[in-house]
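In numbering that gives the first Met the number 0, the protein residues as written are 0 to 541.
Every residue gets a Cβ at the ideal spot worked out from N, C-alpha and C, and that includes glycine.
Model, not experiment: these values are computed from the prediction.
Written below as structure tokens is the structure these notes are about.
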Amino acid sequence: MALQFSCIGRDQCRSVLIGLLLSCSFLAQATALGQDLSSVDPALADPQGISQVLSQGDPTPLVQLLDDLEAELQANARPLKLEEAVSLGIANNPQLLDAFSSIQQYEWQLIAAQRRWYPSLQLANGTPFAGYSWSTFVQNNYGFSRAASRQTGQGEGVLSEKSRLAVFQPGVILSWNFIDPTRQPDINSASDSLRQQKLLFDASARNLVLSIQQSYYSTQSDQQLIDSFKKIYAINKQQLATLTAQKSIGMVTVLDLEQTRSQLFAQLSQLIAYTRDFIDQTALLAEALGLPPGALAIPSDAARMQGQWTLPLRETIARATEQREEIQASLAAAEAARWSAVAAIRSYLPVFQLVGTGNLYAINGLDGIPSNADPGDRYSRSRTWDGAAGLGFSWSIFDGGIQAANAEAAYAQERQQKAFAASTQLQVVREVRSSYGQLITSKIAVESAQQAYRSAELAQEAARARFEVGVGDITSVVQTIQQLSDAAEQVAQAVLAYNIAIAELYRYSATWPAQTESAVQNRIRTMRHPTASTPASETSSP
């Protein structure tokens, strides 16, 4: 189709061309929007239906799809306060059970090391312990003379005897190593290893609390953005409806109408993105809370600045370097390795013990009769008891240097753990400084963003009013609405940054938030005595 420009002026021609370009941009963006929406939930969005809607330039059905999706999620989710979410996650999340199982493992290893102080009692026996024994003894006295052979009755100097016995031969050994140079170092090593696992459990609990808080705050932030952009979308939709009516009577140009429509769909794309993020964050929150399949949780409170941190930076760093479990766990591992090295070196020293033994040897049958003789009255029964008690020792004087090499390996592990503790301390200082800086800057950012939002809100109202009375242009309206959108994002991001900074400062300084430590202790009691209480998943599931 050929376009005729002879009847219109240059400015009008430029307006028509710009309108056509904006229309093409709008169609491309609308097509991408249809793809994004259909990827959110195929059951809710029909590609053919979306294409028809986009061809008409009416986004209302698409917004209705988002509203239905959000309403379905809200209906299936359980509203929770932050404190309730943290308590529920501590009670349900299996990560803590995993970490606590390691504690129990090392507790039993410590008990095993301590029980080396006890004497040992061992039952020993001959072969067999109870049963039958057969034996035949043949001796060929080839140096005997024939006369001697005839006198012995064995012929040709051969002596042959046989035995058939029922035997019973139990025994017992009682020993006590009262001087064992490796025992106490092994106990100390096991004790430090247990202390390391307890510290790592606390670190796991703190990481879980931080993960719950981050997911909770992020979900709040996404919900805040969705609500804000719904309001902005409603403003822009109302503006579009007014321009459509004015366009029908020639009061505005295609440029005015399509510029507003393009911005409307751009805001809808952002709304879709925030809804997708909201769904992702609710899934992460459900995972952190350890909820059963199909259950969801959402924040019951709106996004706002929560909590405060009163310690100055220097004291915060001092507390973090003193209390952080990761540093203490590495030092405990270094001590455990050092004691293992000591135990390996002391294995070359003698071990002194008290020893007592007792044995019984009972037989019944034929014992040592000539092979060719009639048993007759040669059957007999006998019992022998014997016992002994006294001091004993064992001494591994030389093993080729194996234990010495093991000791050097343990000392190297000690140095490694100490170096890791120093590296972790540097990391802790960096984390505290970063979170503290984020806290200070986010405080300022919240105030600035809120003021920017109020100003942008007034600006867009003024721009719309000026446009309606004919003293302003649509470009100013679009710009001010975009400024309002940017300000809404900045407010949400600043509040989220502040809340996460507070949560990170609690985590990085090894400080429990209110009532969190008692919830952790309750979970420990439940895991240690699982039959004493009902599992949390049965009592706290939605």
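Looking at the secondary structure, which residues open and close the alpha helix (DSSP H) in which residue i lies?
i           : result
residue 131 : Taken as a continuous stretch (DSSP letters only), residue 131 belongs to no alpha helix (DSSP H), being part of the beta strand (DSSP E) at 119-139.
residue 264 : 253-288
residue 107 : 93-113
residue 181 : First-last for residue 181: undefined, no H or E at that position.
residue 436 : 401-467
Would you list the residues sitting across from residue i in a DSSP beta bridge?
i           : result
residue 161 : 135 and 368
residue 167 : 129 and 361
residue 173 : 120 and 355
Pick from the options: whose alpha carbon is nearest that of residue i?
i           : options               : result
residue 81  : 519, 507, 498 and 172 : 498
residue 398 : 231, 345 and 494      : 345
residue 94  : 290, 171, 74 and 502  : 290
residue 384 : 296, 86, 171 and 175  : 171
residue 125 : 165, 63, 319 and 112  : 165
residue 412 : 330, 304 and 275      : 330
residue 133 : 336, 463 and 368      : 368
residue 348 : 292, 121 and 178      : 178
residue 489 : 190, 448 and 466      : 448
residue 524 : 89, 57 and 234        : 89
residue 547 : 100, 430 and 419      : The structure shown does not extend to residue 547, since the chain is modelled only from 0 to 541, so the question has no answer here.
residue 483 : 64, 460 and 470       : 460
residue 543 : 500, 243 and 352      : Residue numbering for the chain in the displayed model covers 0 to 541; residue 543 lies beyond these limits and cannot be assessed.
residue 217 : 240, 333, 275 and 202 : 275
residue 370 : 309, 350, 135 and 258 : 135
residue 366 : 161, 121 and 118      : 161
residue 542 : 303, 168 and 182      : An answer regarding residue 542 cannot be provided, because it is not within the stretch 0 to 541 covered by the chain.
residue 278 : 522, 296 and 292      : 296
residue 77  : 116, 415, 300 and 263 : 300
residue 388 : 308, 173, 396 and 61  : 173
residue 180 : 408, 409, 352 and 410 : 352
residue 260 : 239, 506 and 515      : 239
Name the two residues that bound the continuous beta strand (DSSP E) containing residue i.
i           : result
residue 393 : 379-393
residue 78  : 76-79
Say yes only if the C-beta of residue i is nearer than 7 Å to one or more non-hydrogen atoms of the ligand ZN, and no if none qualify.
i           : result
residue 311 : As far as ligands go, the structure on display features none, and thus does not contain the ligand ZN.
Ignoring anything shorter than 3 residues or poking outside the region 295-366, list the beta strand (DSSP E) runs there in chain order. Counting only runs of 3+ residues, the beta strand (DSSP E) found wholly inside the region 295-366 occupies 295-298, in chain order.
Are there three or more Cβ pairs, one per stretch, closer than 8 Å when the region 339-347 is compared with the region 371-385? Cβ pair count under 8 Å is below three, so no.
Ignoring anything shorter than 4 residues, give me the alpha helix (DSSP H) runs that lie fully in the region 490-529, in order along the chain. As far as the region 490-529 is concerned, its whole alpha helix (DSSP H) runs of at least 4 residues are 515-527.
If you pair each beta-carbon of the region 486-493 with each one of the region 434-454, do three or more pairs fall below 8 Å? The region 486-493, when compared against the region 434-454, does touch it at the 8 Å Cβ threshold.
Is it a yes or a no for the region 267-281 touching the region 221-233, going by three-plus beta-carbon pairs under 8 Å? Contact holds: three or more Cβ-Cβ distances are below 8 Å.
Measuring CB atoms only, is the region 70-87 touching the region 242-252, in the sense that at least three cross pairs come out at less than 8 Å? Contact fails: fewer than three Cβ-Cβ distances are below 8 Å.
Contact the region 450-463 vs the region 421-430: 3+ CB pairs below 8 Å: Segments in contact, no.
Measuring CB atoms only, is the region 178-197 touching the region 92-106, in the sense that at least three cross pairs come out at less than 8 Å? Look at the beta carbons and you see the region 178-197 touching the region 92-106: at least three pairs across the two are nearer than 8 Å.
Are the region 275-289 and the region 472-489 in contact at 8 Å, needing three or more beta carbon pairs? Two segments are said to touch when three or more pairs of C-beta atoms, one from each, lie closer than 8 Å; by this definition the region 275-289 does not touch the region 472-489.
Counting beta carbon pairs with one atom in the region 454-469 and one in the region 199-217, are three or more of them shorter than 8 Å? Two segments are said to touch when three or more pairs of C-beta atoms, one from each, lie closer than 8 Å; by this definition the region 199-217 does not touch the region 454-469.
Do the region 512-530 and the region 251-262 meet, that is, are 3 or more Cβ pairs less than 8 Å apart? Taking 8 Å as the limit for Cβ pairs, the verdict is that the region 251-262 does not touch the region 512-530.
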